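Structure first, then comments.
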Amino acid sequence: MAYPKEYRYTKDHEWIEAKGATATIGITDYAQHELGDVVFVELPAAGTKLVAGKTFGSVESVKAVSEIYAPASGEVIEANLTLQNKPETLNSDPHGAGWLVKVKLMNSTELNSLMDAAAYEAYIAEKQKEASA
Amino acid sequence: MDSVTSPSNSALRKTPLNAVHRRLGAKMVNFGGWDMPVEYPSSGGLMKEHRAVRNSCGLFDVSHMGDIRIHTGNHVGGALAAVQHLTMNDASRLAIGQAQYSALLYPEGTFVDDVIVHRLGQDDFFLVINAGTREKDISWVRDNTRGLDCKVKELSDDYTQLAIQGPRAVDVLQKLTNANLEAVRNYWFTHGTVCGLANTLIARTGYTGEDGFEIYLPSDVATSERVWNAVLEAGNEFKLVPCGLGARNTLRLESKMALYGHEISEKINVWEAGLERYCHMEKGDFIGRAALEKARTGGLQRILVGLEMVERGIARDEYRCFNESGEAVGVITSGSPSPTLGKNIALAYVPPVLSALGTPVYVEIRSQRCRAQVVATPFYKRRKKAIAG
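Chains as they are written, first to last, in this note's numbering: chain B, 1 to 133; chain X, 134 to 522.
Okay, here's the thing in structure tokens:
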């Protein structure tokens, strides 16, 4: 699956797409693949303040719980409630319909420290090499 | 997101099929010091593997399991007495060709390990033990058979162990062996030629709650890979898939089969674990018996119950349990979504007063207490089909 050029990526495998002062956050295709079948997603309510690098929710596969970390600071405008009933959307469309939250950014310059698609692809290629070594 | 899959580590132990798993693209994890496949994306992942076993069949590499033979050689001697002394079930009830679930106990009546005891001969027994407890078990068996008339041999590295599990497992394996599998009843075994390998131990056992077989092969890589591939090919028409430890865990949990370090351990006794069916107090003395006798009259502090989440949330291993008044009362030993039931299930130790069906129990999930209730176990029970003979 291609990694959208307009997104920015974290080392913890979240993506963020900023449009002006608002942004959408999700987890990457690599992350959903690592997790396996997603069966449960826990997300913050609208109004919750996210702090860059801090956990704001969790994604569960059959076998494990994984925390999700905020790529940038902001306030939640909307959580993707369809994931409550259809958590498998995270597996089928992680970069689109499987988005997690929309936020109002506090400081959009925080995004400058994140990876672009090319850097992220290089980063996960390295991870995959380690795993199969 | 936290990383789920751990990178390969050369310090981990590997089964003879390790290269096969990696070629198949399995996600590998460190399981008790072993580099093992947790799921195979090529099989469609854990859920699909789980369903394949419930509906048709799956193939597991379980070569990490250990094996101990206790025998007296060519004469009638003390192997039976040794096994009776070491284990809680009554091995004297086993016919040659029969197996039983049992356990090695500490003098406290708690678990060294759970085992399957196969009776190969009058005074010849084959014990299958857990991977993570191999060294402890073999020392325990050696230390506690000193002076008894028997030989103890560890055979763990001599065998590649494959589990072929599911309602169609019999059809798959029958294509590869001359042994008449229909005649082998549940928890019995036979010896037959499998893929040209004469005298292969074929046991109708498993850890999935389904019908199935476990076979014990020479552990060289070439033979192991050849048989693995032959089973895959024979299973093709039944949609058999390779299955990892992830599905093995959800399958055994639905069937309420104990996992060492979770439902049973050096701190939990036989009565608490609810395994009295497999413990024969009347057979004579055995290690742990005296303590169990005492514990039986003393009353139990906690027992193992099945839980089903009522509120949203998945109970996981080691999460704490609370009663309605908010007091901490116990702990989850295993918890997971149940692929077969579509519910979130768990096993937990709670005080007997909370063990009645329907009793509410609150599970602490990331600082929130989510309501669950006590339900009947096993969570899943297969429909038994009539087996001829």
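Beta carbons are placed, not taken as given, at the ideal position from N, Cα and C, and that holds for glycine.
Computed from a predicted structure; not experimentally measured.
Shorter than 8 Å from the beta carbon of residue i to some beta carbon of chain B?
i      : result
X/S388 : no
X/R202 : no
X/R504 : no
X/P375 : no
X/I478 : no
X/R499 : yes
X/I465 : no
X/S469 : yes
X/T341 : no
X/G522 : Note that X/G522 scores a pLDDT of 39, beneath 50, so its modelled location is shaky; the value from the coordinates is reported in the next line. No - not a single Cβ of chain B is within 8 Å of the one on X/G522.
X/R383 : The displayed chain sequence assigns Thr, not Arg, to residue 383 of chain X. So yes, X/T383 belongs to the interface.
X/G191 : no
X/E240 : The question names Glu, but residue 240 of chain X is Pro in the sequence shown. Closer than 8 Å: no.
X/P472 : yes
For the beta strand (DSSP E) containing residue i, list its first residue and its last residue.
i      : result
X/L192 : G191 to D194
X/M442 : I436 to M442
X/N163 : K160 to F164
B/H95  : That residue, B/H95, is in no beta strand (DSSP E); it is neither H nor E in DSSP.
X/M169 : W167 to E172
With 8 Å as the threshold, decide whether the Cβ of residue i is near any Cβ in chain X.
i      : result
B/F40  : yes
B/G36  : yes
B/S113 : no
Going by beta-carbon coordinates alone, are residue i and residue j separated by less than 8 Å?
i      : j      : result
X/C328 : X/S176 : no
X/Y292 : X/S225 : no
X/G439 : X/V508 : yes
X/V483 : X/V462 : yes
X/H324 : X/T333 : yes
X/I249 : X/I201 : no
X/F371 : X/R301 : yes
X/F244 : X/H251 : no
X/I229 : X/A215 : no
X/A424 : X/E182 : no
X/C190 : X/V360 : no
X/W110 : X/L433 : This structure gives no information on residue 110 of chain X, because the portion of chain X shown stretches from 134 to 522.
X/R504 : X/E444 : yes
B/K104 : B/T28  : no
X/F455 : X/R502 : yes
X/D270 : X/G199 : yes
X/Q528 : X/S196 : Since the displayed chain X opens at 134 and closes at 522, residue 528 of chain X lies outside it and no answer follows.
X/A428 : X/A479 : no
X/D256 : X/A212 : yes
X/A296 : X/E358 : no
How far does the alpha helix (DSSP H) with residue i in it extend, from its first residue to its last?
i      : result
X/T383 : L378 to E387
X/K400 : Looking at the DSSP string, X/K400 is not in any alpha helix (DSSP H), and its letter there is neither H nor E.
B/W15  : From DSSP, B/W15 is part of no alpha helix (DSSP H) but of the beta strand (DSSP E) over E14 to K19.
X/T510 : No alpha helix (DSSP H) contains X/T510, which DSSP labels as neither H nor E.
X/L157 : Segment: none, X/L157 is in no alpha helix (DSSP H) and carries neither H nor E.
X/V360 : V354 to G368
Examine chain C for any beta-carbon lying closer than 8 Å to the beta-carbon of residue i, and answer yes or no.
i      : result
X/R449 : Among the protein chains in the structure shown, which are B and X, there is no chain C.
Near-chain B residues of the region 164-181 of chain X (beta-carbon distance less than 8 Å), N- to C-terminal order: V171, E172, P174, G178, L179 and M180
The region 337-347 of chain X contacting the region 377-391 of chain X, beta-carbon criterion three pairs below 8 Å: yes
Stretch-stretch touch, CB-based, cutoff 8 Å, three pairs: the region 76-90 of chain B with the region 29-45 of chain B: By the Cβ rule, the region 76-90 of chain B counts as touching the region 29-45 of chain B, because three or more pairs are nearer than 8 Å.
The region 288-299 of chain X / the region 237-250 of chain X touching (three or more Cβ pairs under 8 Å): no
Positions along the region 47-79 of chain B whose CB lies within less than 9 Å of some CB in chain X: S58, V59, E60, S61, V62, K63, A64, V65, S66, E67, I68 and Y69
Three-pair Cβ contact test at 8 Å for the region 43-58 of chain B versus the region 74-82 of chain B: yes
The region 58-72 of chain B in contact with the region 4-12 of chain B per 3-pair CB rule at 8 Å: Judged by Cβ distances under 8 Å, the region 58-72 of chain B makes contact with the region 4-12 of chain B, as three or more pairs qualify.
Against chain B: residues of the region 142-159 of chain X by CB proximity under 7 Å: R155
Contacting positions in the region 351-381 of chain X - beta carbon closer than 8 Å to chain B: G379
Given 8 Å, three or more beta-carbon pairs between the region 450-469 of chain X and the region 266-281 of chain X: no
Meets three-Cβ-pair contact criterion under 8 Å: the region 216-223 of chain X and the region 419-438 of chain X: yes
Cβ pair count under 8 Å reaching 3, the region 12-32 of chain B against the region 142-160 of chain X: no
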